[in-house]
Amino acid sequence: GEDVEQSLFLSVREGDSSVINCTYTDSSSTYLYWYKQEPGAGLQLLTYIFSNMDMKQDQRLTVLLNKKDKHLSLRIADTQTGDSAIYFCAETLLYSSASKIIFGSGTRLSIRP
Amino acid sequence: DGGITQSPKYLFRKEGQNVTLSCEQNLNHDAMYWYRQDPGQGLRLIYYSQIVNDFQKGDIAEGYSVSREKKESFPLTVTSAQKNPTAFYLCASSMIQGAAYEQYFGPGTRLTVT
Chain U
7 GEDVEQSLFL
17 SVREGDSSVI
27 NCTYTDSSST
37 YLYWYKQEPG
47 AGLQLLTYIF
57 SNMDMKQDQR
67 LTVLLNKKDK
77 HLSLRIADTQ
87 TGDSAIYFCA
97 ETLLYSSASK
107 IIFGSGTRLS
117 IRP
Chain P
5 DGGITQSPKY
15 LFRKEGQNVT
25 LSCEQNLNHD
35 AMYWYRQDPG
45 QGLRLIYYSQ
55 IVNDFQKGDI
65 AEGYSVSREK
75 KESFPLTVTS
85 AQKNPTAFYL
95 CASSMIQGAA
105 YEQYFGPGTR
115 LTVT
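Chain order of the listed sequences is U and P. Position 57 of the first sequence, counting from 1, maps to 63 under the working numbering, and the rest follow consecutively. Position 62 of the second sequence, counting from 1, maps to 66 under the working numbering, and the rest follow consecutively.
1) Checking the sheet assignment: what are the DSSP bridge partners for U:Met59?
2) How would you list, in chain order, the residues of chain U whose beta-carbon sits under 8 Å from the beta-carbon of P:Leu47?
3) Grab me the residues of P:Leu25's own chain with a C-beta within less than 6 Å of its C-beta, minus the 5 sequence neighbours each way, in chain order.
4) Less than 9 Å between the C-beta atoms of U:Thr23 and U:Thr98, yes or no?
5) Examine the Cβ distances between the segment 9-19 of chain P and the segment 71-79 of chain P and report whether three or more of them are shorter than 8 Å.
6) List the whole-angstrom C-beta distance separating P:Ile47 from P:Tyr108, where the pair is believed to meet the contact cut-off of C-beta under 8 Å.
7) How should P:His33 be labelled, buried or exposed, when 16 other C-beta atoms within 10 angstroms of its C-beta is the threshold for buried?
8) Chain U beta carbons: is any one of them nearer than 9 Å to that of P:Thr10?
9) For P:Gln29, count neighbouring C-beta atoms within 10 Å of its own C-beta (all shown protein chains included) and say buried if the count is 16 or more, exposed if not.
10) Would U:Leu14 pass as an interface residue toward chain P - the criterion being a Cβ-Cβ separation below 9 Å?
11) Hey, would you say U:Thr36 sits closer than 9 Å to U:Ser13, going by beta carbons?
12) What are the start and end residues of each continuous beta strand (DSSP E) run of 3 or more residues lying completely inside the segment 45-93 of chain U, in chain order?
13) In chain order, what residues of the segment 86-97 of chain P put their CB closer than 9 Å to some CB of chain U?
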C-alpha cells in the first residue's frame, strides 16, 4: 500500500535542533523528499535522498534514511524563526514509465523564543 | 525568471458554478500536476499529465476536469459536481526524465465556494 505518515505538530526552542520524523510503507520507493511550505504558499523542495543512501547532509539539514524500518527523518540544526513552516515528507513510486509522488500530511514546526 | 504561476491567488464562487483555475509554467517541464490541500491533511492528487493532449486521473478526480492543449498550461476546472470544493489548490510540474523527479510548485489558489 501507499502511505506516508508524519506527526502533525512539533515545537522547539530557537537555537535547538528540530527532528521531524516520517514513516512510509512502500519498499519500492526510489526517492524520498522533504518539502517546506510557508503560510499561504506552495511547496518548496528542501532536500531529497535516493533510496540506496543512508544519510545526506546539506548545511543545517541532515536527512537520515533507515530502509529496514522505512523511516525517514529531517534534522534542522540551530533552528531559527524562519524555519517555522509545515514540512512534508514524500516518496516517489515508479509505475513502469510513470512516477507518482505520495505526500505525508505535513508536520507543522513552531519555534519558541 | 522560470517558474510556475497560478492565478488568481484567491477565488470566490457561488455554489453551483463551475470555476477554472489557471496554471502556467515556463520550465519546459513535460509533466504537470494538480493537488488539493485541506487543513491538517497532506496533498491529494487530482489529475496529472505527462504529455500534451494526455492526462490521467489522480486519487480524487471526481468533480474536476483538466485539459493539456499546450505544454506550458494545465488548467483545472472545478465543476458543480464537486461536493466540497473549498480548498487550497496547488499546481506542480516536473521533468519526466530527471535525477529525482523533483516537483516545482506554484504559489497556490485558495478557492472559497459559498
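Glycine is no exception: its CB is placed at the ideal position from the N, C-alpha and C atoms.
Looking at the atomic coordinates:
1) Walking along the first sequence from the start, residue 59 of chain U turns up at place 53. Paired residues: none, contrary to the question.
2) Along the second sequence, read from residue 1 onward, the residue named residue 47 of chain P stands at position 43. By Cβ distance, chain U contributes Leu49, Phe94 and Phe109.
3) The sequence position of residue 25 of chain P within the second sequence is 21, counting from 1. Excluding positions up to five away in sequence, the list reads Leu80, Tyr93 and Thr113.
4) Translated into the one-based positions of the first sequence, residue 23 of chain U becomes position 17. Translated into the one-based positions of the first sequence, residue 98 of chain U becomes position 92. Note on residue identity: the sequence assigns Ser, not Thr, to residue 23 of chain U. No, the pair does not count as a contact, with Cβ atoms beyond the cut-off.
5) no
6) For the purposes of this step, residue 47 of chain P is taken as the residue at position 43 of the second sequence. For the purposes of this step, residue 108 of chain P is taken as the residue at position 104 of the second sequence. With the sequence shown as reference, residue 47 of chain P is identified as Leu, and Ile is not the correct amino acid for it. Not confirmed; about 14 Å, so no contact.
7) Position 29 of the second sequence, counting from 1, holds the residue named residue 33 of chain P. So P:His33 counts as buried.
8) The residue you call residue 10 of chain P lines up with position 6 of the second sequence. The residue asked about is misnamed: residue 10 of chain P is Gln in this sequence, not Thr. True, the Cβ-Cβ gap to chain U drops below 9 Å.
9) Here residue 29 of chain P corresponds to residue number 25 of the second sequence, with the count starting at 1. So P:Gln29 counts as buried.
10) Within the first sequence, numbered from 1, the residue matching residue 14 of chain U stands at position 8. Yes, U:Leu14 counts as interfacial toward chain P.
11) As a position in the first sequence, residue 36 of chain U is number 30, starting the count at 1. As a position in the first sequence, residue 13 of chain U is number 7, starting the count at 1. Not in contact: U:Thr36 and U:Ser13 (Cβ atoms no closer than 9 Å).
12) 49-56, 61-64, 67-72 and 77-82
13) Phe92, Leu94, Cys95 and Ala96
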